[in-house]
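Structure first, then comments.
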Amino acid sequence: PSGPSAPDAPDKPGSSETGKDPADKKTEAQKKAAVVEALNTVRKNYGNNTPLELNADACAIAKEMAQVMLDGVNGQYGKEPTTNADYIDACAKVRNKKVGEKTSIGFGALQRAYPDAYWFEKWANKTEGVSAERNNALVKSDSATLVGVGVVQNTDSATMKNCPFMVVVMTY
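Take the position in the sequence shown, starting the count at 1, then add 1003; the result is the number in our numbering.
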């Protein structure tokens, strides 16, 4: 987690990917548990045997970050939020919040889908963009023990078709 950079724009999965059925009736808790299970599985596949535990405070912070990122998608920080000083500051303010004494380590954001093993693998190997280091840390950092999954529904009629909701995963 270096520098005052804003995260890259959230990834946008294709509608043809598995597990993205809008008719999926799993509860929010079940969806979050599936995210954590997928992340822990990918972490093990990379030799990281430190399991992550879903944490309510981390989820609240991840939800705050999801709102900032959704605000970026919705144009509240201009056409290029990743270069907007207010957006960068808003992201840093949320990222700097602690869960107890633990600081944010890993980060990933996804529009209109809950991340699964495919996304955690992709983020583990990401090499470009300001979020690459934090994306990698989701999977590779063995100092993280807590995880938050934050979800925000989009109510902006102009953008909700392309981004009905935003999901952010943060580790501590």
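Ideal placement from N, C-alpha and C gives every residue a C-beta, glycine not left out.
Just so you know, these numbers come straight off a predicted model, no measurement behind them.
Worksheet item: Does DSSP classify Glu1031 as helix, strand or coil?
Response: Against the sequence shown, residue 1031 aligns to sequence position 28. Helix at Glu1031.
Worksheet item: Distance, Cα to Cα, Ser1019 vs Asp1119?
Response: Here residue 1019 is taken as the residue at index 16 of the sequence shown, counted from 1. Here residue 1119 is taken as the residue at index 116 of the sequence shown, counted from 1. Low local confidence applies: a pLDDT of 39 at Ser1019 is under 50, so the model's placement there is unreliable, with the coordinate-based value given in what follows. One Cα belongs to Ser1019, the other to Asp1119, and the distance between them is close to 14 Å.
Item to complete: Determine which residues share a DSSP beta bridge with Phe1123 and list them.
Response: Along the sequence shown, read from residue 1 onward, the residue named residue 1123 stands at position 120. Phe1123 is not bridged to any residue.
Worksheet item: Between which two residues does the beta strand (DSSP E) containing Val1155 stretch?
Response: Translated into the one-based positions of the sequence shown, residue 1155 becomes position 152. Per DSSP, Val1155 belongs to the beta strand (DSSP E) from 1149-1156.
Item to complete: Less than 8 Å between the CB atoms is what I'm expecting for Asn1058 and Leu1149, so what's the real figure, rounded?
Response: Taking the first residue of the sequence shown as position 1, residue 1058 is located at position 55. Taking the first residue of the sequence shown as position 1, residue 1149 is located at position 146. Yes, they are in contact, since the Cβ atoms of Asn1058 and Leu1149 sit about 4 Å apart, within 8 Å.
Discussion item. Using the Cβ count rule (16 or more neighbours within 10 Å means buried), how would you classify Ser1144?
Written reply: Indexing the sequence shown from 1 puts residue 1144 at position 141. It is buried - the Cβ of Ser1144 has at least 16 other Cβ atoms within 10 Å.
Fill in: N- and C-terminal bounds of the alpha helix (DSSP H) containing Gln1079
Looking up residue 1079 in the sequence shown gives position 76. Gln1079: not part of any alpha helix (DSSP H); DSSP gives it neither H nor E.
Worksheet entry | Presumed contact (8 Å Cβ cut-off) between Ala1065 and Val1133, rounded CB distance | Numbered from 1 along the sequence shown, position 62 holds the residue referred to as residue 1065. Numbered from 1 along the sequence shown, position 130 holds the residue referred to as residue 1133. Contact doesn't hold; Cβ gap of about 18 Å is too wide.
Worksheet item: Given Pro1084, which residues of its chain have a CB within under 6 Å of its CB, disregarding the five upstream and five downstream residues?
Response: As a working mapping, residue 1084 is identified with position 81 in the sequence shown. Excluding the 5 residues flanking it on each side, Pro1084 has same chain C-beta neighbours closer than 6 Å at Gly1075, Tyr1090, in chain order.
Item to complete: Per DSSP, which residues does Gln1114 bridge with? Please list them.
Response: One-based indexing of the sequence shown puts residue 1114 at position 111. For Gln1114, which the question treats as bridged, DSSP gives the partners Met1169.
Worksheet item: Considering Val1142, what are the terminal residues of the alpha helix (DSSP H) in which it resides?
Response: Start at 1 with the first residue of the sequence shown, and residue 1142 comes out as number 139. Counting along the chain, the alpha helix (DSSP H) containing Val1142 begins and ends at 1135-1143.
Worksheet item: Taking DSSP as the reference, what is the three-state secondary structure of Lys1047?
Response: Against the sequence shown, residue 1047 aligns to sequence position 44. It is helical.
Worksheet entry | Rounded straight-line distance, which links the Cα of Tyr1080 to that of Ala1032 | For the purposes of this step, residue 1032 is taken as residue 29 along the sequence shown, with counting starting at 1. For the purposes of this step, residue 1080 is taken as residue 77 along the sequence shown, with counting starting at 1. Cα to Cα, Ala1032 sits roughly 31 Å from Tyr1080.
Discussion item. Helix, strand or coil for Ser1019? Go by DSSP, reduced to three states.
Written reply: Within the sequence shown, numbered from 1, the residue matching residue 1019 stands at position 16. At Ser1019 the pLDDT is 39, less than 50, meaning the model places this residue with poor confidence and gives no usable figure here.
Worksheet entry | Where Glu1131 sits in the DSSP three-state scheme | For the purposes of this step, residue 1131 is taken as the residue at position 128 of the sequence shown. Coil at Glu1131, not helix or strand.
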